[in-house]
Each structure stands twice: as C-alpha cells, then as structure tokens.
Amino acid sequence: MNKQQLASKIWESINKMRSKIEASEYKDYIFGFMFYKYLSDAEVKFCRKHGFTDDDIKKLDTDKVDQVLFIQKGIGYFIPYDNLFTTWVSMGKDLTLSSIHHALVEFNHSISSTHETVFRSIFNTLQTEIHKFSEPKSSSQTKAIQDLILLINSIPMDEKQDYDVLGFIYEYLISMFAANAGKKAGEFYTPHEVSLLMSEIVAFHLKDHKDISIYDPTSGSGSLLINIGRSITSYITDLDNINYYAQEIKEDTYN
1 MNKQQLASKI WESINKMRSK IEASEYKDYI FGFMFYKYLS DAEVKFCRKH GFTDDDIKKL
61 DTDKVDQVLF IQKGIGYFIP YDNLFTTWVS MGKDLTLSSI HHALVEFNHS ISSTHETVFR
121 SIFNTLQTEI HKFSEPKSSS QTKAIQDLIL LINSIPMDEK QDYDVLGFIY EYLISMFAAN
181 AGKKAGEFYT PHEVSLLMSE IVAFHLKDHK DISIYDPTSG SGSLLINIGR SITSYITDLD
241 NINYYAQEIK EDTYN
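According to the numbering used here, the stretch in the sequence shown is residues 1 to 255, in order.
Have a look at this one:
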C-alpha cells in the first residue's frame, strides 16, 4: 500500500467514526494519539536497543526508580507498561477513557527535567477532550476512541518506509479536515507543493552560506521549516550548522 492509499484509507475510516464525535474535535484526537503512539514506540525501541526483553518491558513501572531514570536520560520521558500504546491496543474493549486520561496526566509527571521545554503540555488538548467523555454514560464516544486507537495502530512507524509517514498523513488529514470545515488548508499549514517550491528557492539562495538560520514567525506544524532544512542539505554538509527558529500563537497547534 503506497502512502496515498494509506492516507485515503485512514480518512475513510475517520469518516465512519465521526458521527460519534464532533469533526472539529476529532483532529485533536487523531493527531494526539498519533504522536503518543510515536513516543510510546520510541520508548520500546530504546529499551530493546539496551537489552530489555519482552518480560522486562512488561515490568516497566514508575516504582522502579533506576529504570525510570535510565529511560528518562535516554529519551526524556518515561511511560510505564500499562500506559504504552501497544498495551492499550491489547486491552481492546476493556480500554476506558479514564485510563487514557490517567496515562496522559502521568506522562506530564514523568518528563525528565532536561526535556521539560520539549514535552511539557504537549498532550493538554487531547487530555482535555478525553476528560469531556470520561463518564460511564459516554459509551459511543468510548467505542469511537477504541476504534481510533486500532486505526492508528495500523499506521507503519517502523522507519522502513522511504518517506516520513507521520508527516505525510498529518498534512493529508489537515487538508481534508480543512476542506470539510469549509476552510482553506493554508490556514493550518503551508500546502506541500508550495512548501517544496519555497524551500528550493530559499535553499538555492543560501547555497554558499556555511552557517544558516531559518525562522518562521507563523510556523504552524513546522512543516515549512523541515522542508527548507531538507532542501538545504543538498548544498551543506554539516547539518549542525543549520539552526531553526519558530513562533506559533495557537497553543493547540504549537503542542
């Protein structure tokens, strides 16, 4: 399945679920869970790289201080086994919104002090949305979230693809959400084709510079910055000489 087919399949599945959750809120769920899965998988990958067995991973717990500190030092945060995305998937219909909300709250308390500015509050929007429906009466919303988690679990994030899976799906879904809301996608992100053209122009202009600083005062999701950085790598060998600066006024978008 190519990237366009994958993104289209995800969008089709989203449309089947959206009757249970407002469309304007749905993107907060899917983007929040996509990133949570990414961080969760990154922790498991880190653990396996350092000799953790499957049984060791199943014993990941906040009570094991040495273990927590080791993982925090390596990736900047710690997620116990019960809160891993793969654990949510294995729980199936037993997964509750309150347990998801608890996991998001716990994530904030398990961030390394050296990574506060990177991870602090990134799940605030998702946490708020989940809390709205974390009541027993909201069975339809619970089912929708369970289905969404299974859908996101099908997204390949094993780095075997020849493209940025999360980045592509993010841009595709943003444009589709914008179109369905009667807005221009440019209000949320710079359209991919425009971004690539601007990136090539900027990179060519800076090709003789040794040190490069890139600044976007309305960065949104940061896709334009990333594309410019990629284009510049055609002309510069030391990637440490590229510095990125960005501002974004909307907290949800910043997170």
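Glycine is no exception: its CB is placed at the ideal position from the N, C-alpha and C atoms.
Item: Cβ contact (3+ pairs, closer than 8 Å) linking the region 99 to 108 and the region 65 to 72; Value: no
Item: Between the CA atoms of Phe85 and Asn2 - distance to the nearest angstrom; Value: 24 Å
Item: Gln4, buried or exposed, once every other Cβ within 10 Å from all chains shown has been counted against 16; Value: exposed
Item: Contact set for Asp216: own chain, Cβ-Cβ below 8 Å, skip 5 residues either direction; Value: Gly222, Leu224, Leu225, Tyr245, Ala246, Gln247
Item: Assigned exposure category for Leu148 - 16 Cβ within 10 Å defines buried; Value: buried
Item: Coil, strand or helix - Ser213 by DSSP; Value: strand
Item: 8 Å contact criterion, which Lys27 and Leu173 should meet: CB distance rounded; Value: 7 Å
Item: Test item: CB-CB of Asn124 and Glu43 under 9 Å; Value: no
Item: Residue range of the beta strand (DSSP E) that includes Ile201; Value: Unbroken run through Ile201 is the alpha helix (DSSP H), 192 to 205; no beta strand (DSSP E).
Item: Validate contact between the region 193 to 203 and the region 228 to 241 using beta carbons, cut 8 Å, 3 pairs; Value: yes
Item: DSSP state of Asn243 mapped onto helix, strand, coil; Value: strand
Item: Asp56 versus Asp238: straight-line alpha-carbon distance, rounded; Value: 38 Å
Item: DSSP-derived helix/strand/coil call for Phe77; Value: The residue you asked about is not Phe; residue 77 is Tyr in the sequence shown. It is a strand residue.
Item: Residue from Leu196, Phe177, Lys64, Asp61 with nearest C-alpha to Ala7; Value: Phe177
Item: Pair within 9 Å by beta-carbon distance, Tyr29 and Leu95; Value: no
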